[in-house]
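> The sequence shown runs 3 to 132 under the numbering used here.
I have a structure here, written as structure tokens, and I will follow up with some questions on it.
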Amino acid sequence: MDVLGYLGPWLYPLGIVALCLSGTMIRAVLTIGRLTDELPASGAPHHAVLAWGVLGVVVGLLGTVIGFGRVAVSARAAAGAERAELEAMLAVMWDGVLVIVTPVTMGLWLFTISLVAWLALQFWINRKLS
């Protein structure tokens, strides 16, 4: 559960993306399950699954940029600091590194899940319509 703490403020946007991705996957499965011989007029229902995965990566990359900013500010403040201050700043920099890595990792997990789901749904559509 420490990973959730490292996500910081990015927990909420990534959580919303994950919920929307789950809802879109459920809707796509239900729509594809009702297909008979052609796609609905609205188009293939599974492409939105991949779009939510891409959005997860984008949100994760925004968290990475913010983390880089935290590390840069801490590194600049560490110039000329005393030893005790330097150790405290290094701890803050390490938190920044975790903020860099964690959101983009979660975003990549969301993208991977959406890609696998998209491929499975595409395969299912091809089998149903052929």
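The C-beta atom is built at its ideal place from N, Cα and C for all residues, glycine as well.
All values derive from a computational prediction rather than experimental measurement.
1. Can you tell me the Cβ-Cβ gap for Thr66 and Ile34, rounded? I've got them flagged as a contact below 8 angstroms.
2. Whole-angstrom Cβ separation of Leu21 and Gly58, contact assumed at under 8 angstroms?
3. Does the separation of the CB atoms of Thr26 and Ala46 fall below 8 angstroms?
4. Just curious, the alpha helix (DSSP H) that Leu13 is in, first and last residue?
5. Put Gly45 into one of helix, strand or coil per three-state DSSP.
6. Report the rounded CA-to-CA distance for Leu110 versus Gly55, giving the unit in angstroms.
7. Give the secondary structure of Glu84 by DSSP, where H, G and I count as helix, E and B as strand, and everything else as coil.
8. Identify, in the order they occur along the chain, each residue of the same chain with its Cβ nearer than 8 angstroms to the Cβ of Phe113, setting aside the five sequence neighbours on each side.
9. Beta-carbon within less than 7 angstroms of Ala119's beta-carbon, same chain only, minus the 5 sequence neighbours each way: which residues are those?
If we stick to the structure as given:
1. Contact flag wrong, Cβ pair sits at about 34 angstroms.
2. No, Leu21 and Gly58 are not in contact; Cβ-Cβ is about 11 angstroms, not under 8 angstroms.
3. Going by C-beta atoms, Thr26 is not nearer than 8 angstroms to Ala46.
4. It spans 13 to 35 - the alpha helix (DSSP H) in which Leu13 sits, taken as one unbroken run.
5. Collapsing the DSSP output to three states places Gly45 in coil.
6. So the two alpha carbons sit approximately 8 angstroms from each other.
7. Three-state DSSP puts Glu84 in coil, outside helix and strand.
8. Around Phe113: Gly55, Val56, Gly58, Val59.
9. Counting only Cβ-Cβ distances below 7 angstroms, and skipping sequence neighbours, we find Met27, Val51.
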